[in-house]
Amino acid sequence: MKFGATYEEYLRAEQDKYLGKCSHVEYKRLKKVLKRCQVGRSLQADGADGDEQLEDNDESSEVCECNSCTLCDQMFFTELTKEASEIAGCFSSRVKRLLHIHVHSGLQRYIWRVRQCFIDDQQIMVQEGRLLLNYVTMNAIAIRKILKKYDKIHGSVSGRDFKSKMQTEHIELLQSPWLIELGAFHLNCDDTDADEPGGFFKNGFFKNFSCDLTGAQPLLAMTISETLKYEYSLTCPVCLDTLFNPYALGCGHLFCKACACGAASVYIFQGVKSAPLEAKCPVCRAVGVFGHAVHMTELELLLKTRDKDYWRQRLREERTEMVKQSKEYWDSQAMLSMGI
Numbered sequence: 002m003k004f005g006a007t008y009e010e011y012l013r014a015e016q017d018k019y020l021g022k023c024s025h026v027e028y029k030r031l032k033k034v035l036k037r038c039q040v041g042r043s044l045q046a047d048g049a050d051g052d053e054q055l056e057d058n059d060e061s062s063e064v065c066e067c068n069s070c071t072l073c074d075q076m077f078f079t080e081l082t083k084e085a086s087e088i089a090g091c092f093s094s095r096v097k098r099l100l101h102i103h104v105h106s107g108l109q110r111y112i113w114r115v116r117q118c119f120i121d122d123q124q125i126m127v128q129e130g131r132l133l134l135n136y137v138t139m140n141a142i143a144i145r146k147i148l149k150k151y152d153k154i155h156g157s158v159s160g161r162d163f164k165s166k167m168q169t170e171h172i173e174l175l176q177s178p179w180l181i182e183l184g185a186f187h188l189n190c191d192d193t194d195a196d197e198p199g200g201f202f203k204n205g206f207f208k209n210f211s212c213d214l215t216g217a218q219p220l221l222a223m224t225i226s227e228t229l230k231y232e233y234s235l236t237c238p239v240c241l242d243t244l245f246n247p248y249a250l251g252c253g254h255l256f257c258k259a260c261a262c263g264a265a266s267v268y269i270f271q272g273v274k275s276a277p278l279e280a281k282c283p284v285c286r287a288v289g290v291f292g293h294a295v296h297m298t299e300l301e302l303l304l305k306t307r308d309k310d311y312w313r314q315r316l317r318e319e320r321t322e323m324v325k326q327s328k329e330y331w332d333s334q335a336m337l338s339m340g341i
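Counting from 1 along the sequence shown, just add 1 to a position and that's the residue number in this note's numbering.
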């Protein structure tokens, strides 16, 4: 079955479900825009009759030989940018809401434990996470295939350039920090329920996720589909050690909280988001990415439970450094107040 048919079948199945109100890539409509260009500009003036003829000529051999097509550029990339942005926003908001329920404290934690006596919330949340994973996978594949088709028809690299633009504007779905959080969430759920017999957790779904902290390069691996397998490094680019208290900047790069604060020249107790607007990512040098930083709570929980000794050691080190920085800060404030 061709991807277009598979994608349409997926959309029909999702209409009345958890993600029915979320945006999706209008794959069929974008493909029609490319078909008009593929059979030549002469058919554009034929109106509806031309459109009907185009639908019967999927395999037309006439190709637009321009590197940039006004028709496609106006309708295609504008529409795709809007859809990718909406999908990224919907995905991040749904994952954020799901994980907020899972990682909780205080009264919420007590209510959660009471509810577990009556309702299997854990299984419901894993199923919702699986739907979100399918959602981001299908739309990411749709974007990749439609851009590949654009370049094939126009003999250009505009599709590849557009993918770079998506990364710059932080709407590249498979580089979203929330996707890493979703993978860590599934690993945390798998650990929590590893000893429970039968049920949803023994269907092999969790085999799609793995976390290896023993090798030279700590990795979180996710098999998203048959063609999409991603490995995310869990090494901080600054201290070159396994991430501790991890944060993802707006550009998607992961850092320890202390390392991110140090790179932005702010104190640890002030937080990553207190960085000045001109602060740059230490890896890609992108500006303004600290204000959109995400605290990776699920990844933090995963790393904490996988290597407790390492976590306790790093926690002591960070607290010692925080006390030192706090003393320096208040000493400097006292000197300023005295006019020294």
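Glycine included, every Cβ here is placed at the ideal spot set by N, Cα and C.
At least 9 Å separates the beta-carbon of Ala276 from that of Val284. Distance check between Ile142 and each of Ser165, Gln123, Gln128 and Glu173 places Glu173 closest, using alpha-carbon atoms only.
If you draw a 10 Å sphere on the C-beta of Ser177, you find 16 or more other C-beta atoms in it, and that means buried.
Note on Met139: 16 or more other CB atoms within 10 angstroms of its CB, so buried under the neighbour-count rule. Between Leu175 and Tyr136, the beta carbon gap of about 12 Å keeps them out of contact (Cβ cut-off 8 Å).
A check of alpha carbon separations from Leu100 across Thr79, Tyr28 and Val127 identifies Val127 as the nearest. By the 16-neighbour rule on beta-carbons within 10 angstroms, Thr243 is buried.
Residue pairing for Thr243: DSSP places it in a beta bridge opposite Thr236. Distance from the CA of Glu27 to the CA of Leu302, rounded to the nearest whole angstrom, comes to 37 Å. With fewer than 16 neighbouring CB atoms inside 10 Å of its own CB, Trp331 falls in the exposed class. Among the bridge pairs identified by DSSP, Ala335 is matched with none. Here the stretch 144-151 makes no contact with the stretch 217-226; the two share fewer than three CB pairs at distances below 8 Å. A direct Cα-to-Cα measurement between Tyr11 and Ile181 gives close to 23 Å. For Asp213, the uninterrupted beta strand (DSSP E) run begins and ends at Phe210 to Asp213, by DSSP.
By the Cβ rule, the stretch 161-173 counts as touching the stretch 82-93, because three or more pairs are nearer than 8 Å. When the Cα atoms are used, Asp162 and Gln334 turn out to be separated by approximately 49 Å.
Check the Cα spacing between Val288 and each of His171, Val34, Val158 and Leu133: the tightest is with His171.
The beta-carbon distance between Leu31 and Phe77, rounded to whole angstroms, is 6 Å. This is short enough to meet the 8 Å contact definition.
Boundaries of the alpha helix (DSSP H) around Phe92: Thr79 to His103. Residues of the same chain with a CB within less than 6 Å of the CB of Met323, apart from the 5 flanking positions on each side, are Ile269 and Phe270 in chain order. When Ala280, Gly160, Arg13 and Leu132 are compared, the shortest CA-CA separation from Arg145 is found for Gly160. Straight across, the Cα-Cα distance linking Gly90 with Gly340 is about 48 Å. Residue pairing by DSSP places Phe256 opposite Tyr248 in a beta bridge.
Collapsing the DSSP output to three states places Lys32 in a helix. In the DSSP assignment, Tyr231 is bridged to Met223.
Counting only the Cα atoms, Lys29 lies some 7 Å from Gly5. In this structure, Arg315 sits near Phe245, with a CB-CB distance shorter than 9 Å. Inter-residue distance for Arg37 and Thr215 is about 54 Å (C-alpha atoms, whole angstroms).
In this structure, DSSP gives His296 an extended state, which the three-state scheme calls strand. Note on Met336: under 16 other CB atoms within 10 angstroms of its CB, so exposed under the neighbour-count rule.
In the DSSP annotation of this structure, the continuous segment of the alpha helix (DSSP H) that includes Gly160 starts and ends at Ser159 to Thr169.
One Cα belongs to Ser211, the other to Leu188, and the distance between them is close to 7 Å.
For Cys282, the closest of Arg307, Arg313, Arg317 and Val239 by C-alpha to C-alpha distance is Val239. Leaving aside the five residues that flank Thr224 on each side, the residues in its chain whose CB is nearer than 7 Å to its CB run, in chain order, Asn209 and Lys230.
Beta-bridge annotation (DSSP): Lys281 is paired with Val288. DSSP, reduced to helix, strand and coil, places Asp308 outside both helices and strands of the structure shown, so it counts as coil.
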